[in-house]
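Under our numbering, the first residue of the sequence shown is numbered 3, with each subsequent residue one higher. We treat Cβ as the ideally placed atom computed from N, Cα and C, and that holds for glycine.
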Amino acid sequence: MRSVQVSGWGGLGVIACLLAGIAGCDNGGSAAMSEPQVRAADLCVSSECGERTVLLDIPSAENLLFSDDGRLFVSSGEGVLEIKQAGDGSYSTHPISPDCGSALGLAIRHGVLYAVCSGQRLFAGKLTAEPVLQQVFEFVGMCIPNGMTDGPDGNLYVVDEPLNACVPDPKIVRLNVDPEDPLHILGQETWLQGSPLGQLALGLDNVLRFPNGLQRSGNRFYGTDGGSVYAVDWLPGGGADDVIPLYFTVTAHDDLGIVSDGLLVADFLEGRIVLLSREGELLQQTDRLLFSFPSSVRLGRPPMFAPDDVVVTETGVLTDNSLPLDHLSVFRRKAGH
Numbered sequence: 003m004r005s006v007q008v009s010g011w012g013g014l015g016v017i018a019c020l021l022a023g024i025a026g027c028d029n030g031g032s033a034a035m036s037e038p039q040v041r042a043a044d045l046c047v048s049s050e051c052g053e054r055t056v057l058l059d060i061p062s063a064e065n066l067l068f069s070d071d072g073r074l075f076v077s078s079g080e081g082v083l084e085i086k087q088a089g090d091g092s093y094s095t096h097p098i099s100p101d102c103g104s105a106l107g108l109a110i111r112h113g114v115l116y117a118v119c120s121g122q123r124l125f126a127g128k129l130t131a132e133p134v135l136q137q138v139f140e141f142v143g144m145c146i147p148n149g150m151t152d153g154p155d156g157n158l159y160v161v162d163e164p165l166n167a168c169v170p171d172p173k174i175v176r177l178n179v180d181p182e183d184p185l186h187i188l189g190q191e192t193w194l195q196g197s198p199l200g201q202l203a204l205g206l207d208n209v210l211r212f213p214n215g216l217q218r219s220g221n222r223f224y225g226t227d228g229g230s231v232y233a234v235d236w237l238p239g240g241g242a243d244d245v246i247p248l249y250f251t252v253t254a255h256d257d258l259g260i261v262s263d264g265l266l267v268a269d270f271l272e273g274r275i276v277l278l279s280r281e282g283e284l285l286q287q288t289d290r291l292l293f294s295f296p297s298s299v300r301l302g303r304p305p306m307f308a309p310d311d312v313v314v315t316e317t318g319v320l321t322d323n324s325l326p327l328d329h330l331s332v333f334r335r336k337a338g339h
C-alpha cells in the first residue's frame, strides 16, 4: 500500500538540505553515517567457515550500533552501554544513560546518539568523550517504540511494534528533528501505516503487522516484520512508497544490518544470522541455534573489530536475565578459511 506524502515539520529537513546546497547530505537528506564497504561475497556468515565467540554478558542485550570512528554502543536491560576494549584485548561495559531504564532502538545523527528507552521515551546525547544521554522526547500513541534509524531528510524514523498487550496499530513514525538543535524534537507523525489485518509477517501481503528492525541505505529503508524482510523507499516529498517484500521464511526476524551490497539479518527465533542480497536472495546463513535469540547484527568497525567481523547481540530469554544467555558476541572466520 502506498502512504500519502506528508507536509509540515517533515519538510524542514528537506528544505534545510536544499538550502545547504546538498553539502553533507545523503541523497538530499541528512549528514548520514558512512556505510560499510565490505561486499557480501567477502563475508563469512556460515558455520562451515566461521565460528562464534562470546565477548561479554549483557543483560537483555538488544541493539548495537557503531559510530564512524568505531565506538560501539549497545542497548540493553541496563540502558545504553558503551563497549570499550582494554590493552589486553578484553571488553567492558560503561553505562551512559542512568535514567533510561531498558533501551531498544539506537541511531546516530550529526554526532548525537539517540536511544529508545522504557516508558516510551527518547533519550539523546552528544558523542563526547564521556557521553550522557538524557530524555528529549516522549512518544505519543505508541505500543513499543523499537527499531530506529535516521532518514535521508535528517529526521528519525521509529518502528511501533504492537504486541498483544496493545490495541494493534503497526506503523513507522517520523520524529522531526529541529535543524538548529539536534536535541530538540519538533514533533511526531506517522510515516508508514500498517494494519491489524496486515499479513506481511506471514509472507502473504505487503502490509505491516509486526514491524521490528529498521535500517536505511540512501533513500531506501529496510525492515523486518515477522518472517519477512522488506524494503520501502523514501519519496522526494517525504512520504513512503509501497512496501516491497524481499525475503520470507517461517520465523521471527529481529534487527538487521547493512552490507555494501547486502543485508545481515538476525533470525531471532531460529538462533542464526542470515546474509541476503539487497534483492532478498539468501546468500549464506549460520547453523540454527548457534546464537541465543540474536536481536541485532552489524559489521564490525576498527579499531576494536575487523571490517568483516559480524558483531551480534543475543537477548536470551526475554525478561529473564538469570540465565547465562544474554551476550555480545562476534562471528568471524576460522583460522585457515
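Straight-line Cα distance separating residue j from residue i
{"i": "Pro100", "j": "Gln136", "result": "8 angstroms"}
{"i": "Glu163", "j": "Pro172", "result": "6 angstroms"}
{"i": "Leu124", "j": "Gly338", "result": "45 angstroms"}
{"i": "Val261", "j": "Arg41", "result": "6 angstroms"}
{"i": "Leu14", "j": "Asp257", "result": "Its pLDDT being 43, under 50, Leu14 is placed unreliably by the model, and the measurement read from it follows with that caveat. Those two C-alpha atoms are separated by around 29 angstroms."}
{"i": "Leu108", "j": "Phe75", "result": "8 angstroms"}
{"i": "Gly84", "j": "Thr315", "result": "The question names Gly, but residue 84 is Glu in the sequence shown. Approximately 13 angstroms between the Cα atoms of the pair."}
{"i": "Gln287", "j": "Asn221", "result": "27 angstroms"}
{"i": "Pro296", "j": "Leu129", "result": "27 angstroms"}
{"i": "Arg54", "j": "Asp243", "result": "38 angstroms"}
{"i": "Ser197", "j": "Pro305", "result": "43 angstroms"}
{"i": "Gly31", "j": "Gln122", "result": "Because Gly31 carries a pLDDT of 40, less than 50, the predicted location of this residue cannot be relied on, and the following value inherits that uncertainty. Whole-angstrom Cα-Cα distance: 26 angstroms."}
{"i": "Leu327", "j": "Gly240", "result": "41 angstroms"}
Enclosing beta strand (DSSP E) for residue i [first to last residue]
{"i": "Trp193", "result": "183-195"}
{"i": "Ile260", "result": "255-261"}
{"i": "Thr315", "result": "312-316"}
{"i": "Gly127", "result": "123-128"}
{"i": "Ala268", "result": "264-269"}
{"i": "Glu140", "result": "136-140"}
{"i": "Ala117", "result": "114-119"}
{"i": "Phe68", "result": "66-68"}
{"i": "Ile98", "result": "Run containing Ile98: none; DSSP gives neither H nor E here."}
For residue i, the residue or residues it bridges with in DSSP
{"i": "Asn178", "result": "Gly189"}
{"i": "Leu158", "result": "Asp152, Leu177"}
{"i": "Ile246", "result": "Ala233"}
{"i": "Phe333", "result": "Arg54, Val312"}
{"i": "Val82", "result": "Ser77"}
{"i": "Gly225", "result": "Leu216, Tyr232"}
{"i": "Cys46", "result": "According to DSSP, Cys46 bridges with nothing at all."}
{"i": "Gly105", "result": "The residue you asked about is not Gly; residue 105 is Ala in the sequence shown. DSSP, once it has assigned bridges, lists Cys119 as partnering Ala105."}
Min CB distance residue i to chain C below 8 angstroms
{"i": "Phe75", "result": "No chain C appears in the structure shown, which is made up of a single protein chain."}
Just checking, does the segment 70-85 make contact with the segment 43-51 on the three C-beta pairs under 8 angstroms criterion?
-> no
Determine, using beta-carbon pairs with one atom in the segment 147-163 and one in the segment 223-242, whether at least three such pairs fall under 8 angstroms.
-> yes
Would the segment 175-191 and the segment 208-227 be scored as touching if the rule is three or more Cβ pairs under 8 angstroms?
-> no
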